Structures are given as structure tokens and as C-alpha cells.
Amino acid sequence: HTDEEGRKIYELDGPLFFASVTSFNEQFDVENDPEIVVVDFKDARVMDSSGSEAIDTLTDKYKKAGKKLTLRHLSEDCKKTLHSAGPFCTYEEDDPTYKVATNV
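For the sequence shown, position 71 (counting from the first letter as 1) is numbered 68 according to this note's numbering, and the numbering increases by one without interruption.
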């Protein structure tokens, strides 16, 4: 949905792992999204390194399109597995505390 400030908000639900990366990628419309995009992982969990890589790839796409991307509600462990997406993460009091499997 788009909020009252004109930002596109993607609210994700469910696990992000190797088998769900394709459907994760299909949710986004980088070309047609407004200049500011927020991806909220409050009801989602990044389960493995494939999920982390998908977030990094998505971040790169928005960066290349010249758009501002913010990633919300990722666990501290997940943030540590991100490479290019790390600087786009918020750090909030209600961030989850789950672990990400990196040796699958």
C-alpha cells in the first residue's frame, strides 16, 4: 500500500528462504514504485542465506533506480548477514530476535 506521505509500504508475511525467493522478488515493482519505499519484515522471518541474498539483490535494484529503500524489523542476526543492504536497515526497539541459518 501507499501511505499518506506517498511512500510505498510492503508488509511481508511468512518465511523468506531458498524456496520462497522467487515469490519474494515478484512482489516488488522497482520501476513503478515511488521514490521512497519501505519493506517491513514485522510478520516475516529471514530463514537462510538465500533470503539474505534476496534482500541484498533487492536493495541493489532500488539503489540503481535512484530510490530510497528502508528495511524495517529485521533481526540483529539477519542484519549481520546482509552485505549491500546493511546500511538500509532501521534499528528499532521492537525488532525481532530470531537467528538466520547460514550453513544450510
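Quick reminder that beta carbons are idealized off the backbone N, C-alpha and C, glycines included.
Please read these numbers as outputs of a predicted model, since none were measured by experiment.
Here's the rule I'm using: 16 or more other beta-carbon atoms within 10 Å means buried, otherwise exposed. How should residue i be labelled?
| i | result |
| --- | --- |
| G103 | Missing from the structure shown is residue 103; the chain here goes from -2 to 101 and no further. |
| T19 | exposed |
| Y88 | exposed |
State yes or no: is the C-beta of residue i within less than 7 Å of the C-beta of residue j?
| i | j | result |
| --- | --- | --- |
| V36 | L71 | no |
| V43 | C75 | yes |
| V34 | K5 | yes |
| F14 | D45 | yes |
| S81 | T56 | yes |
Is DSSP giving residue i helix, strand or coil here?
| i | result |
| --- | --- |
| F15 | helix |
| F132 | Within the shown structure, residues of the chain are numbered from -2 to 101, placing residue 132 beyond reach of any answer. |
| V97 | coil |
| L55 | helix |
Compute the beta-carbon to beta-carbon distance between residue i and residue j, rounded to the nearest angstrom, for a pair I have assumed lies under 8 Å.
| i | j | result |
| --- | --- | --- |
| A51 | N22 | 6 Å |
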